């Protein structure tokens, strides 16, 4: 059965997808090494989601060590913060819209050291591709 | 009066190093209110924070890594010992080579390619327009196979791992020829009939013969040539226009020594000879008709990118003259408080604002055919973007020249870098057909000329 996005079950599936990707392992071997490579995805309400939800992804050395729903992002250490609405994130998870394209055109706001993003663009691209690599169900549908 | 005598300048002096009375406190006080280069037009509703931040990464990289050795680059025109490692840092480590390759081929596949290119061109040209040219021309010629909806996925998959890998791999758009010069770019009128470089199909291979001159990265920097050629010498049939890839290590490819030029030493320009060079049939971009059609998108991108480089140069000059005229005191007041100097300063700002506004508008039009209704390869874009390139290359020359007029010998000196921009910018008006073609094609667009 497909996992509901966003939920802990979905986070577990995403973690599996990240860790089973050879592209992520190769491109991300230096990600999070010497800097905080953890990410928080802030999913803002709309399209069936009623409250802001945060997904925390701990990533380092090409591996995801933790992926979970968190309450307060200030309680975790992260280097990158991605913000966007649920309808926009939903399109990415479905594979209808490209995450990188969303960031570049300003649909999603990405805060964090840009130099790390640019110098690890392949890793970011591979992680973005993994979001839509497994089945999911959605709120409001 | 502005300084005009060389005797005022001690070798090695910097603007802040004691040549002038110290007014830095006053400048800092004013500086808090004074606009910066980031206050010139860059529509925030079009250029996302992410893309602007990406530009600032290039800016910081340039200031930290490139500027300290910028003056040595002029002497590195033959060997490229300084430039090549810096090219690797930008093209490989910062991912510029990979920016437009599809994800499947290891690229980042950025959307809005003209907008992204314009930010890159502007920021890199502010540091060194020759270096910007070398970086952006690495993938410029590949645009007809990289961008959607005319992407050639097979070629992207074959060359993507090289451009997006960990080693430096450089492309070169081999367009201009010694016999016909701008005629190759003047497709609207010459229709390719003067192209002397040929591609002959022999079984499953193209056999390339010809001679190209001046392309960016040609002087032993390039690993791969995009060869603009014809399948039938003297033909005016668009189906005979061809774009064919030729790896630099192919048998029959030879490259001359770099030319020593007035400026843009970071970009190597040379001759390339193709003597019975055999490449696989699949190395032709698209085939009859479509090669020319999608090449036009690359030409328009070249015009808009040229304007973006001019903006970058002018922003650098703006920073230099702002600092210079705020620090130098003549007749009891800073130079900028003199009306003739203020006139120059005003003109510099006007040129940046006007070029920026025009450039961003065209970038937007090219990236958003769904709004403006023209396909990005529409020939009308080629023609009207020549007007932008013409304007930008005219005003950048004037901005550099006027800044030098008011800085006197300091502007003419290498220590202040206006002189470098003045030497470098000149070729922007010369390349891609020169001011003549830019003028004619712009007029052709706006007035529907029939004979020119």
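Chains as they are written, first to last, in the working numbering: chain A, 1 to 141; chain B, 142 to 593. Cβ atoms here follow ideal geometry from the backbone N, Cα and C, with glycine treated the same way. Predicted model only: the values in this text are computed from it and were never measured.
Where residue i meets chain A, residues with beta-carbon distance less than 9 Å
i: residue 276 of chain B; result: The premise fails here: residue 276 of chain B is roughly 13 Å from chain A at the closest Cβ pair, so nothing lies under 9 Å.
Chain A contact for residue i (CB, 8 Å cutoff)
i: residue 249 of chain B; result: yes
i: residue 189 of chain B; result: yes
i: residue 421 of chain B; result: no
i: residue 484 of chain B; result: no
i: residue 194 of chain B; result: yes
i: residue 379 of chain B; result: no
i: residue 152 of chain B; result: With a pLDDT of 38 at residue 152 of chain B, under the threshold of 50, the modelled position of that residue is not reliable, and the figure given next carries that caveat. False, the Cβ-Cβ gap to chain A never drops below 8 Å.
i: residue 198 of chain B; result: yes
i: residue 204 of chain B; result: no
i: residue 163 of chain B; result: Interpretation of residue 163 of chain B is limited by its pLDDT of 46, a score under 50 that renders its predicted location unreliable; the figure taken from the coordinates is listed afterwards. False, the Cβ-Cβ gap to chain A never drops below 8 Å.
Test item: CB-CB of residue i and residue j under 8 Å
i: residue 426 of chain B; j: residue 394 of chain B; result: no
i: residue 497 of chain B; j: residue 267 of chain B; result: no
i: residue 333 of chain B; j: residue 376 of chain B; result: yes
i: residue 396 of chain B; j: residue 413 of chain B; result: yes
i: residue 17 of chain A; j: residue 134 of chain A; result: yes
i: residue 240 of chain B; j: residue 257 of chain B; result: yes
i: residue 139 of chain A; j: residue 48 of chain A; result: yes
i: residue 408 of chain B; j: residue 275 of chain B; result: yes
i: residue 24 of chain A; j: residue 136 of chain A; result: no
i: residue 489 of chain B; j: residue 466 of chain B; result: no
i: residue 351 of chain B; j: residue 301 of chain B; result: no
i: residue 521 of chain B; j: residue 435 of chain B; result: no
Proximity test, Cβ basis, 8 Å: residue i and chain B
i: residue 75 of chain A; result: no
i: residue 93 of chain A; result: no
i: residue 106 of chain A; result: yes
i: residue 109 of chain A; result: yes
i: residue 49 of chain A; result: no
i: residue 3 of chain A; result: no
i: residue 115 of chain A; result: yes
Per-residue contacts from residue i into chain B (C-beta, under 8 Å)
i: residue 129 of chain A; result: 244
i: residue 125 of chain A; result: 244, 248, 249 and 250
i: residue 17 of chain A; result: Simply none; closest approach about 15 Å.
Near the ligand PLP: residue i beta-carbon under 7 Å from a heavy atom
i: residue 15 of chain A; result: No copy of the ligand PLP appears in this structure; indeed no ligand is present at all.
CB-CB length for residue i against residue j, believed under 8 Å
i: residue 362 of chain B; j: residue 311 of chain B; result: 5 Å
i: residue 315 of chain B; j: residue 367 of chain B; result: 6 Å
i: residue 35 of chain A; j: residue 82 of chain A; result: Not confirmed; about 16 Å, so no contact.
i: residue 198 of chain B; j: residue 235 of chain B; result: 7 Å
i: residue 507 of chain B; j: residue 255 of chain B; result: 4 Å
i: residue 277 of chain B; j: residue 446 of chain B; result: 6 Å
i: residue 319 of chain B; j: residue 354 of chain B; result: 5 Å
From the options, residue whose alpha carbon lies closest to that of residue i
i: residue 176 of chain B; options: B:510, B:236, B:459 and B:252; result: B:459
i: residue 357 of chain B; options: B:399, B:373 and B:391; result: B:399
i: residue 537 of chain B; options: B:580, B:495 and B:503; result: B:495
i: residue 245 of chain B; options: B:218, B:217 and B:295; result: B:295
i: residue 419 of chain B; options: B:485, B:527 and B:349; result: B:349
i: residue 542 of chain B; options: B:559, B:530, B:297 and B:529; result: B:559
i: residue 250 of chain B; options: A:94, A:10 and A:118; result: A:118
i: residue 528 of chain B; options: B:437, B:546 and B:499; result: B:499
i: residue 45 of chain A; options: A:84, A:141, A:3 and A:131; result: A:84
i: residue 552 of chain B; options: B:461, B:516, B:481 and B:585; result: B:461
i: residue 402 of chain B; options: B:431, B:360 and B:265; result: B:360
i: residue 207 of chain B; options: B:509, B:387, B:219 and B:228; result: B:228
i: residue 270 of chain B; options: B:465, B:457 and B:501; result: B:457
i: residue 76 of chain A; options: A:56, A:13, A:52 and A:102; result: A:56
i: residue 104 of chain A; options: B:299, B:298, B:190 and B:339; result: B:190
i: residue 107 of chain A; options: A:115, A:98 and A:31; result: A:98
i: residue 69 of chain A; options: A:61, A:92, A:39 and A:87; result: A:39
Under 7 Å by beta carbon: chain A residues contacting residue i
i: residue 511 of chain B; result: The premise fails here: residue 511 of chain B is roughly 13 Å from chain A at the closest Cβ pair, so nothing lies under 7 Å.
i: residue 273 of chain B; result: In chain order: nothing, as chain A lies at least about 16 Å away.
i: residue 235 of chain B; result: 118 and 119
Chain-ordered neighbours of residue i on chain A, where CB pairs are closer than 8 Å
i: residue 305 of chain B; result: 122
i: residue 239 of chain B; result: 121 and 122
i: residue 253 of chain B; result: 104 and 105
Residue i at chain C interface by Cβ criterion, 8 Å
i: residue 449 of chain B; result: Any reference to chain C falls outside this structure, whose protein chains are A and B.
Chain B residues whose Cβ lies nearer than 7 Å to that of residue i
i: residue 39 of chain A; result: Ordered by position in chain B, no residue passes the 7 Å Cβ test against residue 39 of chain A, which lies about 15 Å from the chain.
Chain-ordered chain B contacts of residue i [CB-CB under 9 Å]
i: residue 100 of chain A; result: 244, 249, 250, 251 and 252
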